[in-house]
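Below is one structure; the comments refer to it alone.
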Amino acid sequence: MSRRRQIYEGKAKILYEGPEPGTIIQYFKDDATAFNAEKKGTINGKGVINNRISEHIFTLLNHIGIPSHFIRRLNMREQLVKQVEIVPIEVIVRNVAAGSLSKRLGIEEGTQLPHTLLEYCYKDDALGDPLVAEEHIACFGWASQEEMQDISAMAIRINDFMAGMFAGIGIKLVDFKLEFGRVFEGDFSRIILADEISPDGCRLWDMETNEKLDKDRFRRDLGGEAEAYQEVARRLGLFPEGVSEVLDLNSERKKRGK
Ligand code: UDP
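Just add 12 to wherever you are in the sequence shown, counting from 1, and you've got this note's numbering.
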C-alpha cells in the first residue's frame with residue numbers, strides 16, 4: 013500500500029491512484045464523523061462492511077442499468093473505481109421525514125412523506141454543505157440542466173430499487189445521500205453514480221421496531237453502531253462466513269503486524 017500515490021483523504025475514505033490511467037482505488041476507513049466533522053470516532057469494522065455493502069448495491073444497480081464508477085472490489089477494504097469529476101452536489105433522497113428535514117421544517121421524525129423528496133446540497137465542508145435549489149445549481153454552473161435531469165431520474169430509480177430491496181429484508185429506507193460524477197468520452201461527458209452507498213449515508217430503520225441501523229447510532233450516541241452495520245450486511249446476505257469471524261480475523265492479523 014505504501015508506494016501508491018494518495019490522491020485525497022476524506023472523512024471515511026482514502027483515494028489512491030489506480031493501476032491504470034482513469035482508475036482510482038477507494039480505501040474504506042473505520043473512521044466516522046458527524047455534524048460536519050465536529051464529532052469524530054471509529055466504528056469497528058465499518059470500512060470492511062461498507063466496502064462490501066456498497067459493492068453489493070452498486071452491482072445490483074448496474075444490473076438495472078444505472079451506470080456507476082464501480083469496477084470491482086479488490087480486497088476487504090478497497091475497491092477499484094473509474095475516475096470521475098465529482099459534481100459538487102449531494103443528492104438527498106427522502107421517503108420519510110428525519111434529520112435535517114425534520115429540524116428545518118418542524119415535521120416529526122418518522123412521518124411518511126406523500127411522495128419521494130429530492131433535495132440538493134452544495135458540497136462545501138467550510139460552508140457545512142448548504143441546502144440549495146436547482147436554480148442555484150444552474151446559476152453557478154455546478155451542473156447543467158441536462159445533467160440535473162439525468163441525476164434526478166437516476167436518483168428516483170435508485171430509490172425505487174433500494175426501497176424494495178431493503179423492504180424485502182425488513183428495513184425501511186428513510187433517506188439517503190448520493191453523489192454523481194462526470195466521465196469524459198471525447199468531446200462529451202456523461203453522468204454516472206459515484207462515491208458509495210452504505211449505512212454511513214443512509215437512514216435505515218427496522219420495519220417492525222423502528223430501531224436505527226445506520227450512522228444515527230453514532231451521531232446520537234445510541235451505541236451498538238458496529239452491530240447495526242453488521243446486521244444490515246447480514247440481512248443483505250453478505251459475509252456468509254459470518255461478519256464477526258471476518259472482522260476478528262482482521263484484528264488478529266493486525267495484531268500480528270501483517
Ligand atoms: N447524509 C450524508 N452526508 C452528508 C449529509 C447527509 O451521507 O453530508 C445522509 C444522511 O446519512 C441521511 C441523509 O443524507 O441518510 C439525510 O441527511 P440530513 O439532511 O437529514 O442530515 P443530517 O441529519 O445527517 O445532518
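Virtual Cβ for every residue (Gly too), placed ideally from N, Cα, C.
For residue 11, the three-state DSSP class (helix, strand or coil): Nothing in the structure corresponds to residue 11, since the chain is present only between 13 and 270.
Closest residue to residue 24 among 44, 133, 179, 154 (Cα-Cα distance): Minimum Cα distance to residue 24 is reached at 44.
Distance between residue 225 and residue 49 (C-alpha atoms, nearest Å): 20 Å
The ligand HEM heavy atoms versus the CB of residue 25: any closer than 7 Å? Of the ligands this structure carries, namely the ligand UDP, none is the ligand HEM.
Let me make sure I understand the geometry here. Which of 223, 34, 21 has the alpha-carbon closest to that of residue 194? When each option's Cα is compared against that of residue 194, the closest is 34.
Contacting residues, own chain, Cβ-Cβ under 8 Å from residue 76 (five flanking each side not counted): Within the same chain, 169, 173 come within 8 Å of residue 76 by CB-CB distance, once the 5 residues on both sides are set aside.
Identity of the residues DSSP links to residue 255 by a beta bridge: In DSSP, residue 255 forms no bridge with anything.
Closest to residue 102 by C-alpha separation, out of 258, 255, 190, would be which residue? The candidate whose alpha carbon is nearest that of residue 102 is 190.
Please determine whether the Cβ atom of residue 215 lies at a distance below 7 Å from any heavy atom of the ligand UDP. If you check the C-beta of residue 215 against the ligand UDP, you find a heavy atom less than 7 Å away.
What are the residues that DSSP puts in a beta bridge with residue 217? By DSSP's assignment, residue 217 forms a beta bridge with 184, 224.
I'd like the span of the alpha helix (DSSP H) that includes residue 158, first residue to last. 157-179
Exposed unless 16 or more other CB atoms sit within 10 angstroms - verdict on residue 237: The residue is buried, with at least 16 neighbouring Cβ atoms inside 10 Å.
Three-state secondary structure (DSSP) at residue 76? Note: residue 76 maps to coil in three-state DSSP.
Straight-line CA distance for residue 51 to residue 231? 8 Å
In terms of DSSP beta bridges, what is residue 203 paired with? Residue 203 is bridged to 194.
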